[in-house]
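Trainee: Below is one structure. I have some questions about it.
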Amino acid sequence: MFWLMVLFATVELSNAENPYEECYKEATSGSDYRGDVDISKSGFNCLSWETGTNYNPTNYTDDGLTDGGGNLCRNPGAVDPEPWCFVSSSDLDQGWEECGQEKCPTAVITPPVISANIMEDHTINCVMAELTGQVSGIEWMTDTNTDNSYSPKDGVYKDGSQTSSLTLTSENLIVLKKVGDEHTFTCSITLNTKGTSLMTTQTVTLEGDLPDEDVSEDLPDDGHDCEKTFSCTTSSAITNGKIYWCLIVFNVMFTFA
């Protein structure tokens, strides 16, 4: 039995402290990176953001440009694919360089919303990427409380990726359909970094009519089984042999009367 009290509709990376101190999110190009790296990927010291003509704390007040010593790797306005900083033109002619942090791990279920026919099995794939190793644990949950039993399959970690699959059988879907038409399933991953986890969801909208229940065994016995009695004159259970036997008994009874 699966039960979840709170679900998140999008991928989340959580940590007791700042989750983006050592990596940056590819989805945001690291615009929300708030780590303490102050050296470019080539090893050059980052200069103060105050030196920037366009990208400075005055123009980008909410992008963390004054954090620390005011020279930390940032990506104001998501102008670059990843965090960067100004460097001395004597180090690099262009005067800036990306900082080279690793991308944060991700988890995604595609699509986040899908329709499924209750008469066919439906598989949900939770794809994890940018991993630094085998994850510590994967848990599937749903916001619907039923007696269904699910058997997810966790793939093997390889080259920074891993996939976990949850197959909802037709029997599972029929049980869910009896509860409602829409159900959300969550893939929750515990990473090998202490205190860090990923979460992503898929909402399944069920289509199709519930199959008719077999009620033949539940019919009450009214004592008039046409195959066992001769009272049902229209029943094919009354064969010619049965009729002939009845006539013989009637003639015998009439003769001795």
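Numbered as in our numbering, the sequence shown ends at 283 without a single skipped number.
Idealized CB from N, CA, C, for every residue including glycine.
The structure displayed is predicted, hence computed values, not measured ones.
Under the rule that 16 or more other beta-carbon atoms within 10 Å means buried, what is ASP89, buried or exposed?
Mentor: With 16 or more Cβ atoms within 10 Å of its Cβ, ASP89 is classed as buried.
Trainee: Contact defined as beta carbons within less than 8 Å: I believe PRO131 pairs with MET154. What is the distance between those atoms, to the nearest angstrom?
Mentor: About 7 Å separates the two Cβ atoms, so the contact holds.
Trainee: Give the DSSP-derived three-state secondary structure of ILE200 in the structure shown.
Mentor: The answer is helix: DSSP assigns ILE200 an H, G or I state.
Trainee: Specify the secondary structure class of THR54 as computed by DSSP and reduced to three states.
Mentor: Helix at THR54.
Trainee: How far does the beta strand (DSSP E) with TRP75 in it reach, from first residue to last?
Mentor: That residue, TRP75, is in no beta strand (DSSP E); it is neither H nor E in DSSP.
Trainee: Using DSSP with H/G/I as helix, E/B as strand and the rest coil, what is GLY163?
Mentor: Strand.
Trainee: Report the partner residues of ALA142 according to the DSSP bridge assignment.
Mentor: Note: ALA142 sits in a beta bridge opposite LEU232.
Trainee: Do you know offhand how far CYS179's Cα is from GLY126's?
Mentor: Looking at the sequence provided, one finds Lys at residue 179 rather than Cys. Taking the straight line from one Cα to the other gives about 34 Å.
Trainee: Could you check the C-alpha separation between ASP181 and SER162 for me, to the nearest Å?
Mentor: According to the sequence as given, residue 181 is Gly; it is not Asp. Rounded to the nearest angstrom, the two C-alpha atoms are 13 Å apart.
Trainee: Is the CB-CB distance between SER114 and PHE70 below 9 Å?
Mentor: For SER114 and PHE70, yes; Cβs fall inside 9 Å.
Trainee: Checking 9 Å against the spacing of the C-beta atoms, do LEU217 and THR158 come in under that value?
Mentor: Yes. Within cutoff.
Trainee: Does the beta carbon of PRO131 come closer than 9 Å to any beta carbon on chain C?
Mentor: Protein chains in the displayed structure number just one, and chain C is not present.
Trainee: Relative to the alpha-carbon of SER214, which residue among GLY56, LYS203, LEU202 and GLN228 has its alpha-carbon at the smallest distance?
Mentor: The shortest C-alpha separation from SER214 is found at GLN228.
Trainee: Applying the criterion that 16 or more other CB atoms from any shown protein chain within 10 Å of the CB defines a buried residue, is GLY78 buried or exposed?
Mentor: The residue in question, GLY78, is buried, as its Cβ has 16 or more Cβ neighbours within 10 Å.
Trainee: Count the other CB atoms, across all protein chains shown, that sit within 10 Å of the CB of MET225; report buried if there are 16 or more and exposed otherwise.
Mentor: Label assigned to MET225: buried.
Trainee: Opposite VAL63 in the DSSP bridges: which residues?
Mentor: None; VAL63 has no bridge partner.
Trainee: Please list the terminal residues of the continuous beta strand (DSSP E) segment that includes ILE150.
Mentor: Looking at the DSSP string, the run of the beta strand (DSSP E) that includes ILE150 is 148 to 155.
Trainee: Here's a check: name, in chain order, each residue in its chain whose Cβ is nearer than 8 Å to the Cβ of GLY94, leaving out the five neighbours to either side.
Mentor: Around GLY94: ASP62 and ASP64.
Trainee: Going by other Cβ atoms of all chains shown within 10 Å of its Cβ, with 16 needed for buried, is ASN198 buried or exposed?
Mentor: Classification of ASN198: buried, given that the 10 Å Cβ count is 16 or more.
Trainee: Can you confirm whether the stretch 101 to 112 touches the stretch 194 to 211 when touching is taken to mean that 3 or more C-beta pairs between the two stretches lie within less than 8 Å?
Mentor: No, because fewer than three Cβ pairs between the stretch 194 to 211 and the stretch 101 to 112 fall closer than 8 Å, the two stretches do not touch.
Trainee: Count the other CB atoms, across all protein chains shown, that sit within 10 Å of the CB of ALA133; report buried if there are 16 or more and exposed otherwise.
Mentor: ALA133 is buried by the Cβ-count criterion.
Trainee: When you compare the CB positions of ASN151 and THR189, do they come within less than 9 Å of one another, or not?
Mentor: Their beta carbons are under 9 Å apart, which means ASN151 touches THR189 by this criterion.
Trainee: Report all residues from its chain with a CB closer than 7 Å to the CB of PRO102; omit the five preceding and five following residues, and keep chain order.
Mentor: Result list for PRO102: TYR81, TYR86, ASP89 and LEU91, in chain order.
Trainee: I'd like to check one pair, CYS99 with SER74: are the Cβ atoms closer than 9 Å?
Mentor: No; because the gap between Cβ atoms is not below 9 Å, this pair is not in contact.
Trainee: So the beta strand (DSSP E) VAL134 belongs to, where does it begin and stop?
Mentor: First-last of the beta strand (DSSP E) with VAL134: 132 to 134.
Trainee: If we call anything under 9 Å between Cβ atoms a contact, is SER55 one with ASP117?
Mentor: Going by C-beta atoms, SER55 is not nearer than 9 Å to ASP117.
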